[in-house]
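*Asks:*
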Amino acid sequence: MTSGWWHDRDALGRVLADLIAAEGRRLRLSLVLPPGPWGGATTLAALGFDSLDRIALAAAVSELLHLDESARERGGADDLLAQPQFGAWCDAAAAALDSRAVRLSFRTSGSTGAPRSCTHALADLEAEADEHAANLGESGGGGITRILAAVPGHHIYGFIFTVLLPHRLGVPVLDLRARSPGAIAGLARAGDLVVAYPDLWTAIVRASPGGWAAGVTGVTSTAPCPEATARALAGGGLRRLVEIHGASETAGVGWRDDPAAPYTLLARWQHADGGHLRRAGSPDIVEAPDRLDWCGPLAYRVGARRDGAVQVGGINVWPKRISDMLCGHPDVAAASVRLMDEMGGRRLKAFIVPAPHATDHDALRIALERLAAARLSAAEQPRDWRFGPALPEGVMGKAADW
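Just so we're aligned: 334 in our numbering is position 82 of the sequence shown, and the numbers increase by one with no gaps anywhere.
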């Protein structure tokens, strides 16, 4: 028996609004939408979507919620395209999920930039939410009474922690995404769980030297949280910071609440071999999203991602794809893209080797910035540009940082 999370209209509205906004930005990078969820009477046309856009949006909603399966079970079709209003889309999705809610598919991008869909049984995600609920309830000083969400609900991390978890706990959700980092600590109170990502936690530390009210718990995912950030949060009074390791392909894999400790494997997984996991009670073997160094049957440390992704603002981006795109410019002979360090703001930086005829580096930088703005999302766009006669190399001839 599933939770019926979609009966919470606020939760369903957040998931659909976040998905529609993300798909809209994919369709048109320049699109600017008001914060969701939108009023039920808001039309998709008023948000700036034309009829062709709405076809893509309906496909995205159907993919996430597997509306095609419920439509087949009911002997009909989903009703999204026939509905002009956002509220009617929520109604149609809820009716479909009432009929059949077995699987969800979360979309991500591959190392070449090609999107792919990662399908999970709803029962597995609910079991993971139950495990997190039990773990977070053991943090002492009372249970979780409110969730402060700084992540979108249509990503798997946000879905588990800001949709399924609050539904399981019966607690309200406050969306923090319009709040500045300096305001978040001041909003939190005893019993709150703040759901964020490493870059935001680092910004909160910098902007809120006054610390936290007693009894506030944090959770972080999408990338390893810098140890200095975790230590600063503890020093500022955060009761506990739980780091979740996982990916769109696997959902959560493990957790820890000490930045120096290994991760503890979640109950739904077993260690199969060095690079693979087995679903508990199942013969299914899956590849771990990162290289794992095992410290025992239930404990591991995380190495580099297998697909070369890095995280910018909680979003996976692939530097190799971006450098390949830059190399397509006729004035670029070679390019390398890397993640800045914390002092650089954890954005991307690019090193460009100009073609022999391209002697005006300022003009080339402007041209490449315009190219990036036209073809890349905000998280993918380099914010620092360097130029030189050859890509940086170390003493052994391997690619080096700069």
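All residues carry an ideal CB built from backbone N, CA and C; glycine is no exception.
Treat the numbers as computed from the prediction; the structure is a model and nothing was measured.
(1) Counting only runs that start and end within the stretch 464-498, where is the beta strand (DSSP E) found for 3 or more residues in a row?
(2) Measure the C-alpha to C-alpha separation of leucine 277 and glycine 463 and round it to an integer number of angstroms.
(3) The beta strand (DSSP E) with glycine 506 in it runs from where to where?
(4) Return helix, strand or coil for phenylalanine 301, following the three-state DSSP convention.
(5) If we ignore side chains and look at the alpha-carbon of each, how far apart do glycine 443 and arginine 398 end up?
(6) Please classify serine 534 as buried or exposed, where buried requires at least 16 neighbouring CB atoms within 10 angstroms.
(7) Please check the pair leucine 485 and glycine 506, which I expect to be a contact at CB under 8 Å, by giving their CB distance rounded to whole angstroms.
(8) Give the list of continuous beta strand (DSSP E) stretches no shorter than 3 residues that lie fully inside the stretch 542-618.
(9) In three-state DSSP terms, what is serine 629?
(10) Mind checking histidine 497: buried by the 16 CB within 10 Å criterion, or exposed?
(11) To the nearest angstrom, report how far apart valine 303 and leucine 400 are at their CA atoms.
(12) Using C-beta distances below 7 Å, list every residue in its chain close to aspartate 331, excluding the 5 sequence neighbours before and after it, in chain order.
(13) Would DSSP call isoleucine 436 helix, strand or coil?
(14) Taking 8 Å as the limit between beta carbons, can you name the residues of its chain near arginine 355, skipping five residues before and five after?
(15) Glutamate 495 and arginine 483: beta carbons closer than 8 Å?
(16) Suppose you measure from the CA of leucine 388 to the CA of threonine 360; what does that come to, to the nearest Å?
(17) Measuring only from the beta carbon, is tryptophan 654 closer than 7 Å to any heavy atom that is part of the ligand GTP?
(18) Return the first residue and the last residue of the beta strand (DSSP E) that leucine 517 is part of.
(19) Specify the secondary structure class of leucine 428 as computed by DSSP and reduced to three states.
(20) Using beta-carbon positions only, say whether histidine 532 and arginine 543 come within less than 8 Å of one another.
*Replies:* Once the coordinates are examined:
(1) 469-472
(2) Residue identity check: residue 277 is arginine in the sequence provided, not leucine. Rounded to the nearest angstrom, the two C-alpha atoms are 35 Å apart.
(3) 503-508
(4) coil
(5) 6 Å
(6) exposed
(7) The pair is not a contact, with the Cβ atoms about 20 Å apart (cut-off 8 Å).
(8) 542-546, 551-557, 562-564, 567-569, 584-591 and 600-606
(9) coil
(10) buried
(11) Checking the sequence shown, residue 303 turns out to be serine, not valine. Their Cα atoms are separated by approximately 35 Å.
(12) Ala344
(13) helix
(14) His318, Glu321, Thr371, His372, Ala373 and Leu374
(15) no
(16) 28 Å
(17) In terms of ligand content, the structure shown is empty, and the ligand GTP therefore cannot be addressed.
(18) 515-517
(19) coil
(20) For the record, residue 532 in the displayed sequence is alanine; it is not histidine. No, these two residues do not count as a Cβ contact at 8 Å.
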